[in-house]
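Written below as structure tokens is the structure these notes are about.
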Amino acid sequence: MLSWLPAHPVRFPPVSEALREPPGLLAAGGGLTPEWLLAAYRHGIFPWYSDDQPILWWCPNPRMVLFPDELRITRSLTKKLRNGGFHVTFDRAFEAVVAACAAPRQGQPGTWITKEMHNAYMALQRLGYARSVEVWQADELVGGLYGVAMGSIFFGESMFSRTSDASKVALVHLVHAMRSGGGRMIDCQMHTRHLANLGARDIARSEFINYLESCLVAPGHGDDHYPLPCWALPEDPTRVHSLTAFT
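In my numbering, each residue's number is its place in the sequence shown (first place is 1) plus 62.
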């Protein structure tokens with residue numbers, strides 16, 4: 063039976079209670095305040111719902127993840143990194159990236175990034191948890207991604223491309239930043255062929271939760287500890303990164 067959450071207190075049922083059908087649905091209700099969202103990510107849970115639904119919380123089994131050392135860069139992507147005319151920034155245009163991810167896409171009737179969700183992640187961004195990667199050609203934003211960074215984990219939320227492979231370029235730069243700063247895992251949430259082709263793979267939910275315990279809980283802290291990201295982004299968030307670092 064699906065758990066219905068009151069506005070208070072901020073508390074989720076055990077993820078082992080997630081439904082098999084629809085796969086991974088755990089609970090409904092609660093809120094989208096930073097307290098709810100940080101508690102959710104800390105326990106491997108994320109919100110996903112449409113305008114005509116209550117807030118729905120998910121924790122699928124298996125879980126798709128990308129370990130930074132397992133990123134797979136194809137020959138064609140290598141050419142794009144070298145010759146695509148891209149430059150990449152971090153946290154320079156977070157709101158624009160979220161808006162682009164929420165824009166209608168071919169073959170999709172709507173978006174799950176509602177105005178309420180948009181505002182919720184803006185609040186997390188102001189607290190230092192939500193981060194973005196932007197891909198530019200000249201002064202035009204052509205791709206990017208955003209998500210929640212906590213400890214040594216990046217919880218990916220969405221990505222977009224306005225030109226071929228721009229979202230992949232953003233992911234490569236995110237992985238490079240995590241490798242440089244001690245980031246251990248990117249949570250991709252649900253299985254997609256697109257991410258599998260880049261090296262992401264499915265792991266059991268129990269294994270995923272074990273990673274959360276090792277990456278997010280510091281000695282002397284309980285499961286209400288929400289560490290800021292331990293891997294560093296550029297000191298100057300508008301600094302252009304050299305694409306030759308990946309080729």
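We put the beta carbon where it would ideally sit given N, CA and C, even for glycine.
Check, Outcome
"Beta-carbon proximity of Val204 to Thr225, cut-off 7 Å", "yes"
"Span separating the alpha-carbon of Glu97 from that of His70", "10 Å"
"Which listed residue (Asp201, Asp153, Pro130 and Ala161) has its alpha carbon closest to that of Ser242", "Pro130"
"Reference Glu258, options Arg125, Met179, Val197 and Arg137, closest by Cα", "What sits at residue 258 in the sequence shown is Ala, not Glu. Looking at the Cα atoms, Arg125 is the closest of the given residues."
"Any beta strand (DSSP E) of 3 or more consecutive residues that is wholly inside the segment 181 to 216", "192 to 199 and 202 to 212"
"Where Ala89 sits in the DSSP three-state scheme", "strand"
"Alpha-carbon spacing of His180 relative to Leu139, whole angstroms", "30 Å"
"Val302 in three-state terms, based on DSSP", "Caution is warranted here: a pLDDT of 43 is assigned to Val302, below 50, making its placement in the model unreliable, and the coordinate value is therefore given only provisionally. Val302: coil per DSSP, three-state reduction."
"Pair within 7 Å by beta-carbon distance, Tyr208 and Ser194", "yes"
"Ile248 - DSSP class collapsed to helix/strand/coil", "strand"
"Inter-residue spacing [alpha-carbon to alpha-carbon] between Ile271 and Glu157", "30 Å"
"Ile265 - partner residues in DSSP beta bridges", "Arg125"
"Alpha carbon of Arg288 to alpha carbon of Ala192, nearest angstrom", "Note that residue 288 corresponds to Tyr in the displayed sequence, not to Arg. So the two alpha carbons sit approximately 12 Å from each other."
"Any non-hydrogen atom of the ligand ZN closer than 6 Å to Ser276 Cβ", "Ligands in the displayed structure: none, and consequently the ligand ZN is not present."
"Inter-residue spacing [alpha-carbon to alpha-carbon] between Gln115 and Pro109", "12 Å"
"Other residues of its chain near Ala80: CB distance less than 6 Å, five sequence neighbours each side excluded", "Gly86, Leu88 and Cys121"
"Integer-rounded CB distance, given that Asp113 should sit under 8 Å from Thr176", "5 Å"
"Val279 and Ala232 closer than 7 Å at C-beta", "no"
"C-alpha gap between Phe308 and Leu143, whole angstroms", "Here Phe308 scores only 49 on pLDDT, less than 50, and its place in the model is too uncertain to base an answer on."
"Exposed unless 16 or more other CB atoms sit within 10 angstroms - verdict on Pro68", "exposed"
"Cβ shell of Thr300 (< 6 Å), same chain only, five flanking positions each side left out", "Confidence at Thr300 is low in this model, with a pLDDT of 41, below 50, so its placement is unreliable and the value that follows should be read with caution. Excluding sequence neighbours, Thr300 sits near Thr151 and Arg154."
"8 Å contact criterion, which Tyr103 and Met212 should meet: CB distance rounded", "6 Å"
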